[in-house]
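Residue numbering for the sequence shown follows full-length UniProt numbering, starting at 1 and increasing by one per position.
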Amino acid sequence: MKFGINLLAVMKYFPLKLFSKLAVLSEELGYDGYFMADHYNLPGPIHECLEPFTTLAHIAAQTKKINLGTMVTPIPRYFPPQLAKIVAHVDHLSEGRIIFGIGAGWHPPEFKTYCHDQTFYNSSQLVNRTIEGIKLILKLWTEKNVKFEGKYYSLKRANLEPKPFQKPYPPIWSGGKGDFMLKMAAKHFDGWVYVNWDQKNSEDYQKMVEKVKKHLQVFGRDVNKFTFAIQASIADPLERVRAFVDAGCNYYVPVLGYPKQIKTDQCLPAAKNFAQEVMASLV
Numbered sequence: 001m002k003f004g005i006n007l008l009a010v011m012k013y014f015p016l017k018l019f020s021k022l023a024v025l026s027e028e029l030g031y032d033g034y035f036m037a038d039h040y041n042l043p044g045p046i047h048e049c050l051e052p053f054t055t056l057a058h059i060a061a062q063t064k065k066i067n068l069g070t071m072v073t074p075i076p077r078y079f080p081p082q083l084a085k086i087v088a089h090v091d092h093l094s095e096g097r098i099i100f101g102i103g104a105g106w107h108p109p110e111f112k113t114y115c116h117d118q119t120f121y122n123s124s125q126l127v128n129r130t131i132e133g134i135k136l137i138l139k140l141w142t143e144k145n146v147k148f149e150g151k152y153y154s155l156k157r158a159n160l161e162p163k164p165f166q167k168p169y170p171p172i173w174s175g176g177k178g179d180f181m182l183k184m185a186a187k188h189f190d191g192w193v194y195v196n197w198d199q200k201n202s203e204d205y206q207k208m209v210e211k212v213k214k215h216l217q218v219f220g221r222d223v224n225k226f227t228f229a230i231q232a233s234i235a236d237p238l239e240r241v242r243a244f245v246d247a248g249c250n251y252y253v254p255v256l257g258y259p260k261q262i263k264t265d266q267c268l269p270a271a272k273n274f275a276q277e278v279m280a281s282l283v
């Protein structure tokens, strides 16, 4: 059983030092991973969002062993080759500690402001661009003189160097809860993470886990080598966390912040309390 922590990078007045302080403390407390959302703005009155990869690079220099990742990066908001370069570089700066969480995206204003063509695509296009985009990224991470002809992206004799520090590339976790994305997670990726904003119970989570497991078996993949993660509230009591573990979760990520704002002076004590009250009982 592993645990991560996520201080969502959406806060008024940007207490930048808090993020590095939490990462250092989390490593000391025994958390396995430190994660950040990948958003440039979100609904609501607060639009101040930290850029995740530059922040993770900064945190990598202050930590030694804790894994660092995004939860999750909306592939269609980026131009995939550029994203491939960014992630590979941060993987080197962290000496192989990156976990690459990916998703399709969901917030229209964010795409219309920051996407390369300033377009928010329909649901089908978001999913298809995600799958095609990650296929292109994987080719750039593992091949030379890449030629790629897709529906949305194309390259000729493209080379990305250096390749990622981790071989063949960092672990990739897919977000999403739809049947197609669950199937794609089982077919292509190393893990699946459910972001539990809608407060589903452990029974609902277990149903999704079982779907992924069935797909893994169909694709001939080892269920025991797959990560079943969930991001949920750091305020969840031990009994609720244990229920998700019993439902199949093997990587639990408590989150501090949006959409339920937490005061900055409560973040470090909350991380300590979760480690002492929950992690100590389940690790």
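Just so you know, even glycine gets a beta-carbon here, dropped at the ideal spot from N, CA and C.
query                                                                                        : result
Collapsed DSSP secondary structure at V255 in the structure displayed                        : strand
Range covered by the alpha helix (DSSP H) that runs through V90                              : 80-93
Delimiting residues of the beta strand (DSSP E) encompassing E149                            : 146-149
DSSP three-state assignment for F228, whether helix, strand or coil                          : strand
Residues bridged to M36 [DSSP beta-bridge criterion]                                         : T70
Residues near Y121 by beta carbon distance below 7 Å, same chain, minus five either side     : P76, R129
Residue from Y251, L29, A61, F226 with nearest C-alpha to A232                               : Y251
Supposed close pair F100, T119 - CB separation, criterion 8 Å                                : No, F100 and T119 are not in contact; Cβ-Cβ is about 24 Å, not under 8 Å.
C-alpha distance - Y153 paired with S281, whole-angstrom precision                           : 48 Å
Beta-carbon gap between M208 and F3 smaller than 8 Å                                         : no
DSSP beta-bridge partners of S202                                                            : According to DSSP, S202 bridges with nothing at all.
Supposed close pair T55, F19 - CB separation, criterion 8 Å                                  : 6 Å
Exposed unless 16 or more other CB atoms sit within 10 angstroms - verdict on D236           : buried
As assigned by DSSP and simplified to three states, the class of Y194                        : strand
Contact between the segment 91-98 and the segment 142-151 (3+ Cβ pairs under 8 Å)            : no
Whole-angstrom distance between V72 and P52, CA atom to CA atom                              : 10 Å
C-alpha gap between K65 and Y114, whole angstroms                                            : 32 Å
Beta strand (DSSP E) segment containing W141, residue limits                                 : Segment 123-142 is the alpha helix (DSSP H) holding W141; no beta strand (DSSP E) there.
Three-state secondary structure (DSSP) of K183                                               : helix
Beta-carbon proximity of Q62 to A104, cut-off 8 Å                                            : no
Test item: CB-CB of F219 and K187 under 8 Å                                                  : yes
Contact belief for A275 with L8 at Cβ below 8 Å, rounded distance in angstroms               : Between L8 and A275 the Cβ distance is about 19 Å, and since that is not below 8 Å, they are no contact.
Buried versus exposed, by CB contacts within 10 Å (16 or more), residue 284                  : No answer is possible for residue 284: the residues shown for the chain start at 1 and end at 283.
Residue of G176, D204, L136 minimising C-alpha distance to G150                              : L136
Close beta carbons around A247, own chain, < 8 Å, minus the five adjacent residues each side : S202, E203, Y205, Q206, V209
Residue burial classification, D91 (beta-carbon count within 10 angstroms, cutoff 16)        : buried
Residues sharing a beta bridge with A158, DSSP                                               : V146
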